[in-house]
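Structure, as structure tokens:
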Amino acid sequence: MDKKQEYRNRYINIRKSINNKDIKSALLVDQITSLDIFRSAKIIAIYYPLKDEIDVLPILSNNIYNKDIALPRIKDDHLEYYLYHLGDPLTKNKYHIYEPLDNIDNKIDINDIDIIIVPSLVASKNKYRLGYGKGYYDKTLTNYKGYKIGVCYKECYLEDIPHDDNDIKMDIIIYG
906 MDKKQEYRNR YINIRKSINN KDIKSALLVD QITSLDIFRS AKIIAIYYPL KDEIDVLPIL
966 SNNIYNKDIA LPRIKDDHLE YYLYHLGDPL TKNKYHIYEP LDNIDNKIDI NDIDIIIVPS
1026 LVASKNKYRL GYGKGYYDKT LTNYKGYKIG VCYKECYLED IPHDDNDIKM DIIIYG
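Just so we're aligned, residue 906 is where the sequence shown starts under our numbering, counting upward by one.
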């Protein structure tokens, strides 16, 4: 087993044992929305969280921030983004993650998105993150010109984690 997979296995279990995820998620959303870069952004991409991931959906559901929101959809080996409004239909993909329908009218070019919020199983001070190992975000963000925010629980924030040339560095990691 490679080093990254060892970290994934270990931190999946650590993340499952974290208490008060809803409170921690709310505090992380507050940190994100207080950033100057967030306040000046027009289009924000979030993700639909899995059971133990940081819940960033309040950015969408409250939308007191008056932002256009985009959600990712898996397409082959990368992600495509679609503008999403509360109440638009969603579908579950092969990983049981909710994603927007493949509606060409709502599809948005990734470089029209000001900020992409990226889920992280584990992240580090040197701004790298690990997800589940499929590489969707790394492949998608390769030529992305906007601001990348990785999010994780403080229990999953480390000094350093294994990374390689294919891993995309975040602009900031928000943890708590």
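Ideal placement from N, C-alpha and C gives every residue a C-beta, glycine not left out.
Computed from a prediction, not measured in an experiment: that's the story for all the values here.
Within 8 angstroms, strictly: CB atoms of residue i and residue j
{"i": "P1005", "j": "Y989", "result": "yes"}
{"i": "I1079", "j": "I937", "result": "yes"}
{"i": "S1029", "j": "E1064", "result": "yes"}
{"i": "C1061", "j": "V1027", "result": "yes"}
{"i": "K929", "j": "D957", "result": "no"}
{"i": "R913", "j": "G1038", "result": "yes"}
{"i": "Y953", "j": "I1002", "result": "yes"}
Bridge partner(s) assigned by DSSP for residue i
{"i": "F1027", "result": "Residue 1027 is actually Val in this sequence, not Phe. V1027 is bridged to L1035."}
{"i": "Y1080", "result": "C1057"}
{"i": "K980", "result": "H983"}
{"i": "L996", "result": "Here the sequence assigns Thr to residue 996, which means Leu is not the residue at that position. Note: T996 sits in a beta bridge opposite E1004."}
Residue i CB to nearest heavy atom of the ligand GDP below 7 angstroms
{"i": "D1014", "result": "The ligand GDP is not part of the structure shown, which contains no ligands of any sort."}
Cβ separation of residue i and residue j, assumed to be a contact under 8 angstroms, to the nearest whole Å
{"i": "L991", "j": "L965", "result": "6 angstroms"}
{"i": "V1056", "j": "I959", "result": "5 angstroms"}
{"i": "K909", "j": "L1035", "result": "6 angstroms"}
{"i": "G1081", "j": "L932", "result": "5 angstroms"}
Beta-carbon proximity list for residue i, same chain, < 8 angstroms, skipping 5 on both sides
{"i": "I974", "result": "I948, I949, A950, I951, I964, L965, N968, L988, Y989, H990"}
{"i": "G1083", "result": "What the structure shows of the chain is the stretch from 906 to 1081, and residue 1083 is not part of that stretch, so it cannot be assessed."}
Same chain only: Cβ atoms within 7 angstroms of residue i, ignoring 5 sequence neighbours per side
{"i": "V934", "result": "V961, P963, I964"}
{"i": "K1012", "result": "E985, Y987"}
{"i": "D1072", "result": "Y1033, D1043"}
{"i": "M1075", "result": "V1023, K1032, R1034, K1053, I1054, G1055"}
Neighbourhood of residue i by C-beta distance below 6 angstroms, restricted to the same chain and skipping five residues each side
{"i": "N998", "result": "I979, E1004"}
{"i": "H1068", "result": "Y1033"}
Counting Cβ pairs, one atom from each stretch, are 3 or more of them under 8 angstroms apart for the region 1051-1059 and the region 1015-1022?
Short answer: they touch.
Under 8 angstroms: do the region 942-953 and the region 920-934 share three or more Cβ pairs, one atom per stretch?
Too few Cβ pairs lie closer than 8 angstroms, so no.
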